[in-house]
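In my numbering, the protein residues as written are 1 to 52.
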Amino acid sequence: FIIFGSFFTLNLFIGVIIDNFNEQKKKAGGSLEMFMTEDQKKYYNAMKKMGS
């Protein structure tokens, strides 16, 4: 019973975190750049330009 309860609680907690992350991502237009610093954005954009 304790193992099942712990698993359920952990699963619920992680589900809430993932749901909130997806909501924030949707608000930002599907871009992960909202979580990046300016230097990371510059590096990311440079790598995108090199790849295409």
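Beta carbons are placed, not taken as given, at the ideal position from N, Cα and C, and that holds for glycine. Quick caveat: nothing in here was measured; it's all calculated off a predicted structure.
Identity of the residue in the options nearest residue i by Cα
i, options, result
"Phe21", "Met34, Asn11, Thr9, Leu10", "Met34"
Beta-carbon spacing of residue i, residue j below 8 Å
i, j, result
"Met50", "Tyr44", "no"
"Lys41", "Leu32", "no"
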